[in-house]
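> My questions will all concern the structure given below.
Numbering (the working numbering), first residue to last: -13 to 302.
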């Protein structure tokens, strides 16, 4: 999208890409280079480029009108993009972290901390970066709309709708895991998206509602957490084995599950999630333990004896 080139984030990325990767060897790079002689040339260029960039990135921020905190974030995402692209996985994370941490500590200006965002694989990092880039761009689009600049409306709408596809895919992916590395960026994306959705921007194709997608995600996670909890119930403590009791079916009087076992209803080592086995058949039954059935038998016999007693007394 051509309009992105006019936004601060992408201006920043372009300016950093143009930073030189030559010059004197920096002391901060010695550990990284010393342990990887066979890749010294490539690693040396990356290290020099980052070292040179730390001297100018705040100046770049002033020119493009970005705050120091935003510049620091931009710089971290730009750097991690280069790390995942150019530094082999065989290079120890510890060496990479130590090297760039030292370089960041020498930044002249407001404090900017190096953050390793690339511990995941490149594909996962790219998704993280895309979510971040979209969120930042939404702010820039909102700024343009607030100024009454709607000349790029169609492009803005296409860009925003395209971003929802990414959000939707990552949300579905996050449902399959207990904890997601994308949660923070998904929430940020949602907040920025809702802000621009409620703005004066009017698209031919209505922008979808993310609250519905997030609702599905939350529901799925809650069910998954309950199922996971049910499997262990109490970590490290074996579930008590409920004593088997004969079960007898008695007719139900409503739309109840097909079969609800008594030990499940009282949660004796079984999750409440697993109490519902089937809720499609409305001609259902409830199983009760033998003690309840015996009680019914005794009660019935007592009533029968009482009736016989009264009848016998009537004829006497």
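C-beta atoms are modelled at their ideal positions from N, C-alpha and C, and glycine is treated no differently.
So the alpha helix (DSSP H) residue -2 belongs to, where does it begin and stop?
-6 to 3
> Scan the stretch 25 to 95 and note each continuous alpha helix (DSSP H) run of 4 residues or more that stays entirely inside, going in chain order.
For the stretch 25 to 95, whole alpha helix (DSSP H) runs of length 4 or above, ordered along the chain, are 26 to 39, 43 to 50, 54 to 72 and 79 to 91.
> Could you have a look at residue 110 and say whether DSSP puts it in helix, strand or coil?
helix
> So residue 108 and residue 71 are supposed to be a Cβ contact under 8 Å. How far apart are they, rounded?
Between residue 71 and residue 108 the Cβ distance is about 7 Å, and since that is below 8 Å, they are a contact.
> For the stretch 84 to 104 against the stretch 52 to 72, do three or more pairs of beta-carbon atoms, one drawn from each stretch, fall closer than 8 Å, so that the two count as touching?
yes
> At what residue ranges does the stretch 162 to 186 contain a whole run of the beta strand (DSSP E), taking only runs of 3 or more?
Entirely contained in the stretch 162 to 186, not one beta strand (DSSP E) run reaches 3 residues.
> Out of curiosity, what's the CA-to-CA distance linking residue 38 and residue 89?
10 Å
> Starting from the C-beta of residue 303, find all residues in its chain whose C-beta is less than 8 Å away, skip the five residues before and the five after it, and write them out in chain order.
Not covered by the structure: residue 303. The range shown for the chain is -13 to 302.
> With burial defined as no fewer than 16 other Cβ atoms inside 10 Å of the residue's Cβ, what is the status of residue 332: buried or exposed?
Since the first residue shown for the chain is -13 and the last is 302, residue 332 is missing from the structure and cannot be characterised.
> Indicate the three-state DSSP secondary structure (helix, strand or coil) for residue 6 in the structure shown.
coil
> Should residue 40 and residue 93 be called a contact, given that it needs their Cβ atoms to be closer than 7 Å?
The answer is yes: Cβ separation under 7 Å.
> Under 8 Å, with one C-beta from each stretch per pair, do the stretch 107 to 126 and the stretch 168 to 179 reach the 3-pair mark?
Touching, yes.
> Helix, strand or coil for residue 116 per DSSP?
helix
> Could you check the C-alpha separation between residue 12 and residue 85 for me, to the nearest Å?
10 Å
> Within the same chain, show all residues whose beta-carbon is closer than 7 Å to that of residue -4, passing over the 5 residues directly before and after it, in chain order.
-10
> Between residue 168 and residue 156, is the Cβ-Cβ spacing less than 7 Å?
One thing to note: residue 168 has its Cβ within 7 Å of the Cβ of residue 156.
> Report yes if the CB atom of residue 114 is closer than 7 Å to the CB atom of residue 75, and no otherwise.
no
> Any idea what DSSP makes of residue 148, helix, strand or coil?
helix
> Of all the options 160, 161, 196 and 50, which has the alpha carbon lying nearest to the alpha carbon of residue 150?
196
> Taking residue 65 as the reference, which of 189, 53, 137 and 111 has the closest Cα?
111
> Closest by CA to residue 10, which one among 35, 143 and -7?
35
> Could you give the DSSP three-state label for residue 143: helix, strand or coil?
helix
> Can you give me the Cβ contacts of residue 126 inside the same chain, cut-off strictly under 6 Å, excluding the 5 residues immediately before and after it?
-7
> Using alpha carbons as the reference points, say which of 143, 153 and 158 lies closest to residue 192.
143
> Who are the near neighbours of residue 83 in its chain, counting only those whose CB is closer than 7 Å to its CB and skipping five residues on each side?
102
> Cα separation between residue 68 and residue -13?
22 Å
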